Amino acid sequence: MGAGIAVGPVFSALLIKVAAWPMAYWVIAVLAVLLTLWAALGLEESRSEHPRGLDIAGVITLGSGLALLVAALTESRQGWAQPKVLVFLALGLVLLIAFVLVERTVAEPMLELELLRRPAFLAATVGAVMIGVAVIGFMTYVPAAVQRVLGLGPLAGAGILGIWSGLSFVVAPQARRLIGVVGARYQVAGGLALCGVGELALVGITEWSSWWWMVPGLALAGLGSGFANAALAGLAVRSVPPHRVAMGSGANNTARYVGSSLGIALIAAVLSLAPAGQESSREFAVGMTYAALVSAVLSLLGAVVVALCRQREYTGTPSRPTAEPLGGSS
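Taking my numbering, the leading residue of the sequence shown gets 1, the next gets one more, and so forth.
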């Protein structure tokens, strides 16, 4: 994932030099189809002896509720008092409440809400959401800031973002060795804290800043992302009973990507709070300062919450037949 975040902007920046920017989406779509075919033909499917049914009601209520919340955040850039924003927000909250009610009543829920009572599972879920909201959401706008505030090109913006994503990619495989020393929960909390400090270091960018000024903050955030990512999936899997590891892994991946979607929309809404909006480089710079502050506060808050979740990893054996494949995508 870290490699994809590092390569993606560079790939897109190079592609728009020879084709129109929508071509990037077509290329990604073709690659996705090829990957799907390769997976279907080359990977062996694992199936449980006692397969679970598909929770259609859970999928619809959760997916629709989150989509409406993202829509509300996105449209709020033109003002929170708009009728459509209020409608999206209200419907989204209603559907998420419905999701909770559905998961408590169906025989085979998509997510067993009782797992949230496990401190380690809660820590993994909060950590994944905060990485998405407070780190990935903010970093998504770094290339735009490099172009609009510093006046550099798309390729330069992608390269500067690579300081964060590249370090995260390099650090994560090595950081997993720390889990046995400091514990997965504290590693996630420490990673989020580093991200928060790095984002604070990015406060105050102006049109007169040099791109070198951004390096320390991006490097700290990259180290923090690598530390946190190395521990998140394993913490999620170890925090649930053995017959629920697929659910634990799936919930963690979902939390990370839902957090990313909400984070991107949230930062867009924060940028719109800058004086006169985002029309000039100066206003965009002010908006990025607001965004860095908000992201830093959320990262540090997430670190505190994760650290306070007393870890209790599951070490017992299943008390009933396996209901899911044991090999979730951790």
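All residues carry an ideal CB built from backbone N, CA and C; glycine is no exception. Being a predicted model, the structure only gives us computed values, none of them experimental.
Drop a sphere of 10 angstroms on the beta-carbon of T353, count the other beta-carbons inside from all chains shown, and report buried for 16 or more, exposed for fewer. Nothing about residue 353 can be reported from this structure: the residues present for the chain run from 1 to 330 only.
Look at D294 and V270 and say whether their C-beta atoms are less than 7 Å apart. Residue identity check: residue 294 is Val in the sequence provided, not Asp. For V294 and V270, yes; Cβs fall inside 7 Å.
Count the other CB atoms, across all protein chains shown, that sit within 10 Å of the CB of H50; report buried if there are 16 or more and exposed otherwise. It counts as exposed.
By alpha-carbon positions, which one of V305, A274, L298 ends up nearest to G79? Residue A274 holds the alpha-carbon nearest to the alpha-carbon of G79 among V305, A274, L298.
Let me confirm a value: L54 is counted as buried when at least 16 other C-beta atoms fall within 10 Å, else exposed. Which label applies? Classification for L54: exposed.
With the cut-off set at 7 Å, would you say F227 and Q187 are in Cβ contact? Cβ distance < 7 Å, so F227 and Q187 count as in contact.
G198 vs L220 beta-carbon contact at 7 Å: The answer is yes: Cβ separation under 7 Å.
Cβ pair L113, V142 closer than 7 Å: In this structure, V142 does not lie closer than 7 Å to L113 by Cβ.
C-alpha distance - V337 paired with H243, whole-angstrom precision: Here the chain covers residues 1 to 330 and nothing more, so residue 337 does not appear.
Could you give the first and the last residue of the continuous alpha helix (DSSP H) run that contains T254? Note, T254: alpha helix (DSSP H), 245-271.
Assigned secondary structure, G79 (DSSP; H/G/I helix, E/B strand, else coil): For G79, the three-state secondary structure derived from DSSP is coil.
7 Å CB neighbourhood of L167 in its chain, flanking five on each side removed: Cβ contact annotation for L167 (same chain, cutoff 7 Å, sequence separation greater than five): A219, G222, L223, G226, in chain order.
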